Every structure is written in structure tokens, then in C-alpha cells.
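Participant: Quick one: this structure, given as C-alpha cells, is what I'll be asking you about.
Structure (C-alpha cells):
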């Protein structure tokens, strides 16, 4: 049976290109063979999935759907000094053990500095969850970005497939009201700890597209939405 992306509710407003699309029960990953991590993740925030029926599974494991030569492995992260950082948060999917466990696939992970993963990135994830209380639907797309001309670190065994350490991460949030009004926020955060307020990392969605080469929300073609993509939000919802 062929799975058509447009039939998935979370892909309603578009899916950027990737080497491999990985359809999970509540989210989609666009995987990069070159970087051995997600190029992007996409989910539709569902408050019902956040009900804490189960504990965090911590079942980190390789994703066997990816060809072996392009997989990241647990050993790649061991002793690297970087966390296995979620792009789709575990806390967003606690309604069943299976849904929570699925967020621990390494295809949903990228190397994140511990102070980034456990502090500012985690705080932003919590605010995105809260947004689902104000809008009928909230879509979140996340992924790494890399700076041209800056040194790139890798983790993993030398001479084998290595995982590239991103310079930073983006998160683009599309919120839709019951009347169809769209709000859009995009953030770009360096892969390091920070005490700055999250509003300091607000950028235009066009800037995210420029850094990543990804078309975001490309099925929304109305000129009014194009203006939202080129303008930068000055305030957050929190």
C-alpha cells in the first residue's frame, strides 16, 4: 500500500524535500542521508497525546527503515559530549507507550549541546504545547541548520558514517484558529546554552528557508500568507 503524504493531517500545508520520508503514528520525519539525522520533523500538536498516561520510555534505538549505511547508531553519541536531542518531543506523545517509544527512534534525534537540549530548547517545546490551548490546530516543524564557512563537527567512529553536529536548530510554528486565521512564528537558536529570552531568537520564516534551503508551508500560497513568511514576529504568545 502506498502512503500518500497529502493524506496525512500533519502534512496538509506541505512537506519539504528529504532523502527519505518516515511516517510515524503522530509525526513525520524528512531524513538526511548525508547528515544522518532529520532534515526536518513535522507534527500536528494534539493535546490528547499529551495526557500523561505513560512514563517516558527512553527506548533510544536505530530506525531500521533507514538503509544501514545511512543510519545513526547509539554508539555515535556515546562519549561525544552531545545529547540525543529530540526534534519531536517525547512529552508531546504520552498517551500510549507505543507513541512515546516512537519518539526515541534515532531518526528523530540530532546532536544537541546538553545546555541547549535541557534548557532553552525544552522551554520552547513547552510553550508550543501550551499554544494548542489557544488554537484549534498547531503545526510544528523543526530541524537543524548549518552555517556556510564555519567549522563543522562530527560525532561517531572515524572512517565510518558519522553524524554531523548542527550549528543550530529552527522551529517554525503555524497556528490556525477555528475561523481559519493563521499565525506564524519561527525561531532560530544556536546549538548552545543561552540565558537570553526566546523572543531574541524570533526570525522571519523566509530567513529559516534561506539558511536551510527548505520550503516551509509551501502549500499556503495566498499573498497574505506570503507576507507573514517575510515578516518577523516581534512578540511571542507566552
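Numbering (this note's numbering), first residue to last: 173 to 410.
Backbone N, C-alpha and C fix where the C-beta goes; we use that ideal spot for every residue, glycine too.
None of these values were measured; they are calculated from a predicted model.
Taking the Cβ atom as the reference point for each residue, do residue 358 and residue 384 lie within a distance shorter than 8 Å?
Facilitator: Position 186 of the chain shown, counted from the start, is the residue given in the question as residue 358. Position 212 of the chain shown, counted from the start, is the residue given in the question as residue 384. No.
Participant: In terms of residues, what are the limits of the beta strand (DSSP E) holding residue 217?
Facilitator: Residue numbering aside, residue 217 sits at position 45 when the chain shown is read from its first letter. That run of the beta strand (DSSP E) goes 209 to 217.
Participant: Need the endpoints of the alpha helix (DSSP H) that residue 411 sits in, please.
Facilitator: As displayed, the chain neither begins before 173 nor continues past 410, which places residue 411 out of reach and without an answer.
Participant: Whole angstroms are fine: how far does the CA of residue 371 sit from the CA of residue 408?
Facilitator: Here residue 408 refers to the residue found at position 236 of the chain shown. Here residue 371 refers to the residue found at position 199 of the chain shown. Straight-line Cα distance between these residues: approximately 6 Å.
Participant: Kindly indicate the opening and closing residues of the beta strand (DSSP E) around residue 355.
Facilitator: Mapped onto the chain shown, residue 355 falls at position 183. Start and end: 354 to 362.
Participant: Under the DSSP definition of a beta bridge, which residues are partnered with residue 343?
Facilitator: Residue mapping note: residue 343 aligns to position 171 of the chain shown, counting from 1. 314 and 359.
Participant: Who are the Cβ neighbours of residue 229 in its own chain at under 7 Å, not counting the five residues just before and after it?
Facilitator: Counting from 1 along the chain shown, the entry for residue 229 is found at position 57. Within the same chain, residue 229 has close Cβ partners 269, 272, 273 and 276.
Participant: With respect to the alpha helix (DSSP H) encompassing residue 292, which residues constitute its N-terminal and C-terminal limits?
Facilitator: By 1-based counting over the chain shown, the position of residue 292 is 120. Where residue 292 is concerned, there is no enclosing alpha helix (DSSP H), given that its DSSP letter is neither H nor E.
Participant: Report all residues from its chain with a CB closer than 6 Å to the CB of residue 310; omit the five preceding and five following residues, and keep chain order.
Facilitator: Taking the first residue of the chain shown as position 1, residue 310 is located at position 138. Closer than 6 Å at the Cβ level, and outside the excluded window around residue 310, lie 217, 303, 304 and 347.
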